[in-house]
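S.K.:
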Amino acid sequence: MQIQLRWVDPKTGLERNPTLEPPVAFGRTFGVMPSDLDGQSVSRMVLDDAQVEDYHAVLDLVDGKLRISDRGSRIPTKVNGVALPYQTVNDGDRIQIGSFEITVAVLDASVQSPSPDFSSPPPSPPPSTAATSSFASQPTRSPSGSSSSSNLSGSSASSTNPLYAGFAGMGSTGSNSVEQFGPDGTCDRKVGFLFKRRCGRTTTEGCQYCQNGRQPAGYDPYTDDYGLFPGYGYYGRNHWGYHYYSNRDRYYYDPASRRVDFTEADGQSFEEEADQGYEMDLDAS
Amino acid sequence: MERWLIYALGSGWGHLNRAIALARFAPCPVEILVNSPYATTVQAALNGSHVQLHPLPQNSSPQSTREYVQQWLTQRYTRLIVDTFPRGLVGDLVDVLQMVDAPRCWIHRDLQPDYIEVKGIANFVQQHYQLVLIPGETVAPLQHLAHACVTAPWLLRDGAELLAVRESLRERFKLDGSRPLLMVCATGQPNELQLFGDIARQLAQQFPACLVRCLAHECPPNCPAELWIAHWPGIEVLQLADVVIGGAGYHTVYECAALNVPLVALPLRRTYDRQAERAVGLSIPVKNQAACIEAVGWILNQILSGGEGDLRSHPSYTPQLNYSNGVHTAVQRISQL
Numbered sequence: 482m483q484i485q486l487r488w489v490d491p492k493t494g495l496e497r498n499p500t501l502e503p504p505v506a507f508g509r510t511f512g513v514m515p516s517d518l519d520g521q522s523v524s525r526m527v528l529d530d531a532q533v534e535d536y537h538a539v540l541d542l543v544d545g546k547l548r549i550s551d552r553g554s555r556i557p558t559k560v561n562g563v564a565l566p567y568q569t570v571n572d573g574d575r576i577q578i579g580s581f582e583i584t585v586a587v588l589d590a591s592v593q594s595p596s597p598d599f600s601s602p603p604p605s606p607p608p609s610t611a612a613t614s615s616f617a618s619q620p621t622r623s624p625s626g627s628s629s630s631s632n633l634s635g636s637s638a639s640s641t642n643p644l645y646a647g648f649a650g651m652g653s654t655g656s657n658s659v660e661q662f663g664p665d666g667t668c669d670r671k672v673g674f675l676f677k678r679r680c681g682r683t684t685t686e687g688c689q690y691c692q693n694g695r696q697p698a699g700y701d702p703y704t705d706d707y708g709l710f711p712g713y714g715y716y717g718r719n720h721w722g723y724h725y726y727s728n729r730d731r732y733y734y735d736p737a738s739r740r741v742d743f744t745e746a747d748g749q750s751f752e753e754e755a756d757q758g759y760e761m762d763l764d765a766s
Numbered sequence: 015m016e017r018w019l020i021y022a023l024g025s026g027w028g029h030l031n032r033a034i035a036l037a038r039f040a041p042c043p044v045e046i047l048v049n050s051p052y053a054t055t056v057q058a059a060l061n062g063s064h065v066q067l068h069p070l071p072q073n074s075s076p077q078s079t080r081e082y083v084q085q086w087l088t089q090r091y092t093r094l095i096v097d098t099f100p101r102g103l104v105g106d107l108v109d110v111l112q113m114v115d116a117p118r119c120w121i122h123r124d125l126q127p128d129y130i131e132v133k134g135i136a137n138f139v140q141q142h143y144q145l146v147l148i149p150g151e152t153v154a155p156l157q158h159l160a161h162a163c164v165t166a167p168w169l170l171r172d173g174a175e176l177l178a179v180r181e182s183l184r185e186r187f188k189l190d191g192s193r194p195l196l197m198v199c200a201t202g203q204p205n206e207l208q209l210f211g212d213i214a215r216q217l218a219q220q221f222p223a224c225l226v227r228c229l230a231h232e233c234p235p236n237c238p239a240e241l242w243i244a245h246w247p248g249i250e251v252l253q254l255a256d257v258v259i260g261g262a263g264y265h266t267v268y269e270c271a272a273l274n275v276p277l278v279a280l281p282l283r284r285t286y287d288r289q290a291e292r293a294v295g296l297s298i299p300v301k302n303q304a305a306c307i308e309a310v311g312w313i314l315n316q317i318l319s320g321g322e323g324d325l326r327s328h329p330s331y332t333p334q335l336n337y338s339n340g341v342h343t344a345v346q347r348i349s350q351l
């Protein structure tokens with residue numbers, strides 16, 4: 482489904498009318514809004530207004546209908562003047578977020594590709610795993626002490642990027658041949674130290690967990706570390722993992738499934754440390 | 015009316031030259047946003063062409079850069095081409111790319127994998143760009159993206175263009191070809207130029223049978239003035255060299271590779287670029303000045319003792335410059351967007 486949103490920025494007076502495909506997140510801070518939800522890329526609309534939360538609301542398609550869900554904001558999201566935790570949005574409806582009034586136009590419910598127009602072939606997902614092997618995961622424990630083991634499966638890792646072998650025949654479209662990637666184009670490998678989670682990266686390059694795709698499935702770079710931290714996996718008040726667990730909402734914790742997925746938050750959590758030097762200097766190259 | 019906008023912010027020569035290499039063959043007027051200190055010099059050489067450089071205002075801050083760039087991006091263009099930094103050099107494109115109606119292409123020069131991970135570059139590119147062009151980079155981390163297209167390296171001149179100016183440049187810079195020419199290519203940050211000035215001076219002392227020249231925008235510290243030459247684009251004079259000594263930036267490496275001139279490279283540390291990775295296989299990488307002089311001596315021995323050296327030193331020798339210039343494929347792919 483394609484939708485067009487239209488609003489006028491109250492501060493600048495500039496009109497915006499992006500054409501998008503749900504899900505669409507609204508908020509004040511780009512980096513806090515998720516880049517994907519359930520494997521779908523999220524269009525993140527930044528609304529610069531003190532009344533808007535960092536991640537205020539999300540407009541998504543639920544059972545074929547547009548639905549906006551408020552994220553528990555101080556000033557609730559309204560549709561045509563009505564504030565509810567979530568509500569259906571129809572063609573022509575007005576969504577109120579802070580001082581922004583956004584008009585929704587449903588362009589074509591049958592169109593699947595997002596705007597802007599792609600005249601080149603659409604990206605194809607990398608090949609799914611042909612021969613998967615069961616993925617030995619570390620058990621994780623909830624504060625109550627119950628233990629669970631993930632059934633996520635992965636595949637044997639292969640070498641990563643095909644090295645370029647001369648300039649002859651260049652101009653061809655590249656393809657992803659990394660076998661550990663799932664049908665959605667993201668990595669199936671289970672990673673993380675405190676909370677094991679699906680990797681979700683779109684490339685093995687620079688990945689510390691699989692070391693650029695060189696390590697086999699099941700390899701855990703923290704095996705030795707776990708031996709040094711016998712309290713690993715326990716998140717009760719007297720354990721050192723307590724604060725990590727109690728702050729789990731920051732890591733996109735799903736209370737229904739009790740899954741923690743901070744693939745997106747990974748970068749954010751460590752951004753202050755690891756990000757130094759990036760996007761700070763106009764003289765860099 | 016067709017009009018392309020190229021975002022080429024990034025200091026030094028690389029972003030500037032790569033953007034111009036592409037723009038020269040574009041089928042329409044091209045505006046290029048740059049912050050290279052060399053933009054004014056280059057614009058003078060481009061006068062009368064369809065390529066217009068727009069340098070960032072002096073003393074810009076990251077915040078003022080954002081505002082400046084965003085003003086440009088809200089203009090009407092038929093293509094937006096972003097070099098190296100898909101989110102912008104200081105994240106200045108993040109909030110405005112979705113407002114750009116024109117099809118968007120990202121030029122993927124090599125990048126530090128850590129930057130790619132921390133800033134979620136792969137996801138960002140997939141979300142915001144319809145085409146990824148990789149200009150010959152063998153180590154580009156995101157070359158596996160489904161909409162990526164690898165081309166030959168992008169060069170400022172085709173082979174035929176170089177041959178057309180070969181003799182006039184030889185005459186202008188008094189490079190008669192009777193002696194091996196060692197060309198030091200002094201690029202990089204201003205505080206790095208002295209290294210190349212030192213190397214040029216030492217080469218001239220150590221190899222008196224050779225002609226030594228230092229190609230630089232300004233005469234580097236410690237470089238004897240008689241060794242310094244200034245010319246843009248550098249590839250036009252590099253074609254006359256028997257050995258090139260320089261960093262391992264994009265153009266130094268790929269221009270030497272295209273010209274089939276041996277390069278002794280001192281990879282320089284960069285925030286985003288991995289010069290050491292690029293140098294492997296396309297140059298003789300060295301770590302310091304002493305190793306550089308030693309490597310030049312080794313190459314000279316090879317040249318002077320082999321048939322190739324005799325051939326190149328003949329006054330009538332004309333090289334076969336039939337390399338592939340990736341800008342032609344790139345222009346074609348961008349036009350098809």
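Chains as they are written, first to last, in my numbering: chain B, 482 to 766; chain R, 15 to 351. Glycine included, every Cβ here is placed at the ideal spot set by N, Cα and C.
#1: Residues of the segment 18 to 47 of chain R in Cβ contact with chain B at a cutoff of 8 Å, in chain order, please.
#2: Would you kindly report the start and end of the unbroken alpha helix (DSSP H) that includes R/Gln140?
#3: Just by C-beta distance, which residues in the segment 85 to 116 of chain R are closer than 9 Å to chain B?
#4: Where do the N-terminal and C-terminal ends of the beta strand (DSSP E) with R/Trp246 fall, by residue?
#5: Which residues share a DSSP beta bridge with B/Cys668?
#6: Helix, strand or coil: how does DSSP classify R/Cys237 here?
#7: Quickly, what does DSSP pair B/Met526 with across the bridge? List them, please.
#8: Does the CB of B/Ser766 have a neighbour CB from chain R at under 8 Å?
#9: Pop quiz: B/Leu518 and B/Leu501 are said to be a contact at Cβ under 8 Å. What is the actual Cβ separation, rounded to whole angstroms?
#10: Return the residue from the list R/His29, R/Ala35 and R/Leu103 that minimises the CA-CA distance to R/Tyr52.
#11: Using only the alpha-carbon positions, how far apart do R/Ser192 and R/Ser78 sit?
#12: DSSP three-state call for B/Thr704: helix, strand or coil?
#13: Taking B/Leu540 as the reference, give the member of B/Gln532, B/Ile549 and B/Val533 with the closest Cα.
#14: Tell me the residue span of the alpha helix (DSSP H) that contains R/Pro127.
#15: Consider the Cβ of R/Gln334: report whether some Cβ of chain B lies at a distance smaller than 8 Å.
#16: Between B/Arg682, B/Pro566, B/Ala586 and B/Asp589, which has its C-alpha nearest R/Gly13's C-alpha?
#17: Using the rule of at least 16 other Cβ atoms within 10 Å of the residue's Cβ for burial, across every protein chain shown, is R/Ala214 buried or exposed?
#18: Verify whether the separation of the beta carbon atoms of R/Cys224 and R/Leu314 is less than 8 Å.
#19: How is the alpha helix (DSSP H) around R/Arg347 delimited, first residue to last?
#20: Using a beta-carbon distance below 8 Å, is R/Val132 in contact with chain B?
#21: Per DSSP, R/Asp97 forms a beta bridge with which residues?
#22: Give a yes or no on whether 8 Å exceeds the smallest Cβ distance from R/Thr285 to chain B.
#23: Assuming B/Phe581 is part of the beta strand (DSSP E), what are its boundary residues?
#24: Reducing DSSP to helix, strand and coil, say where R/Ile46 ends up.
#25: Thinking just about the alpha-carbon of each residue, which of R/Glu131, R/Val164, R/Gln72 and R/Tyr286 is nearest to the one in R/Leu145?
#26: How many Å lie between B/Glu760 and R/Gly102 at the Cα?
#27: Name the chain R residues that come within less than 7 Å of B/Leu528, Cβ to Cβ?
#28: For R/Ala136, decide whether its Cβ has a neighbour in chain B, counting only Cβ atoms nearer than 8 Å.
#29: Determine, using beta carbons only, whether R/Leu23 and R/Val48 come nearer to each other than 8 Å.
#30: Can you say whether B/Thr704 is buried or exposed, counting buried as having 16 or more other CB atoms within 10 angstroms of its CB?
#31: Establish whether the CB of B/Ala755 and some CB of chain R are separated by less than 8 Å.
#32: Taking just the CA atoms, how far does R/Thr92 sit from B/Asp669?
#33: Run through chain R and tell me which residues come within less than 8 Å of B/Ser522, C-beta to C-beta.
#34: List the DSSP bridge partners of B/Lys559.
#35: So R/Thr266 is in the beta strand (DSSP E); what residue range does that whole segment cover?
#36: Skipping 5 residues on each side, what residues in its chain have a beta carbon closer than 8 Å to that of B/Arg555?
M.R.: Answer, in terms of the structure:
#1: Taking 8 Å as the cut-off between beta carbons, the residues of the segment 18 to 47 of chain R near chain B are Leu23, Gly24, Ser25, Gly26, Gly28 and His29, in sequence order.
#2: Per DSSP, the unbroken alpha helix (DSSP H) holding R/Gln140 starts and ends at Ile135 to His142.
#3: If the cut-off is 9 Å between Cβ atoms, the segment 85 to 116 of chain R has Thr88, Thr98, Phe99, Arg101, Gly102, Leu103, Val104, Gly105, Asp106, Val108, Asp109, Gln112, Met113, Val114, Asp115 and Ala116 near chain B.
#4: Bounds of any beta strand (DSSP E) do not take in R/Trp246, whose DSSP letter is neither H nor E.
#5: Residue pairing from DSSP places B/Cys668 in a beta bridge opposite B/Phe662.
#6: Reduced to three states, the DSSP call for R/Cys237 is coil.
#7: Under the DSSP definition of a beta bridge, B/Met526 partners with B/Phe507.
#8: Interface annotation, B/Ser766: in contact with chain R, CB-CB separation under 8 Å.
#9: The C-beta distance from B/Leu518 to B/Leu501 rounds to 14 Å, too long to fall under 8 Å, and the pair is not in contact.
#10: The candidate whose alpha carbon is nearest that of R/Tyr52 is R/His29.
#11: Rounded to the nearest whole angstrom, the CA to CA distance from R/Ser192 to R/Ser78 is 53 Å.
#12: When DSSP states are grouped into helix, strand and coil, B/Thr704 belongs to the helix group.
#13: The shortest Cα separation from B/Leu540 among B/Gln532, B/Ile549 and B/Val533 belongs to B/Ile549.
#14: Going by DSSP, R/Pro127 is part of the alpha helix (DSSP H) stretching over Pro127 to Val132.
#15: No - not a single Cβ of chain B is within 8 Å of the one on R/Gln334.
#16: A question about residue 13 of chain R goes unanswered here, because the residues of chain R that appear run from 15 up to 351.
#17: Buried, since its Cβ has 16 or more Cβ neighbours within 10 Å.
#18: Yes, they are a contact pair.
#19: From DSSP, the alpha helix (DSSP H) with R/Arg347 extends over Val341 to Gln350.
#20: By this cut-off, R/Val132 is an interface position.
#21: Bridge partners of R/Asp97: R/Ile121.
#22: At least one chain B Cβ lies under 8 Å of R/Thr285.
#23: First-last of the beta strand (DSSP E) with B/Phe581: Phe581 to Asp589.
#24: The answer is strand: DSSP assigns R/Ile46 an E or B state.
#25: Closest in alpha carbon position to R/Leu145, among R/Glu131, R/Val164, R/Gln72 and R/Tyr286, is R/Val164.
#26: Their Cα atoms are separated by approximately 8 Å.
#27: Correct list: empty, because the minimum Cβ distance to chain R is about 11 Å.
#28: At least one CB atom of chain B sits nearer than 8 Å to the CB of R/Ala136.
#29: A Cβ-Cβ contact shorter than 8 Å links R/Leu23 with R/Val48.
#30: Exposed is the call here.
#31: Caution is warranted here: a pLDDT of 43 is assigned to B/Ala755, below 50, making its placement in the model unreliable, and no coordinate value can be reported.
#32: Going by the C-alpha atoms only, they are around 38 Å apart.
#33: At a beta-carbon threshold of 8 Å, the residues of chain R lying near B/Ser522 are Asn137, Gln140 and Gln141, ordered along the chain.
#34: In the DSSP assignment, the residues bridged to B/Lys559 are B/Ala564 and B/Gln577.
#35: For R/Thr266, no beta strand (DSSP E) run applies; the uninterrupted alpha helix (DSSP H) run containing it begins and ends at Tyr264 to Leu273, by DSSP.
#36: Apart from the 5 residues on each side of it in sequence, B/Arg555 sits with its Cβ closer than 8 Å to the Cβ of Gln532 and Glu534 in its chain, given in chain order.
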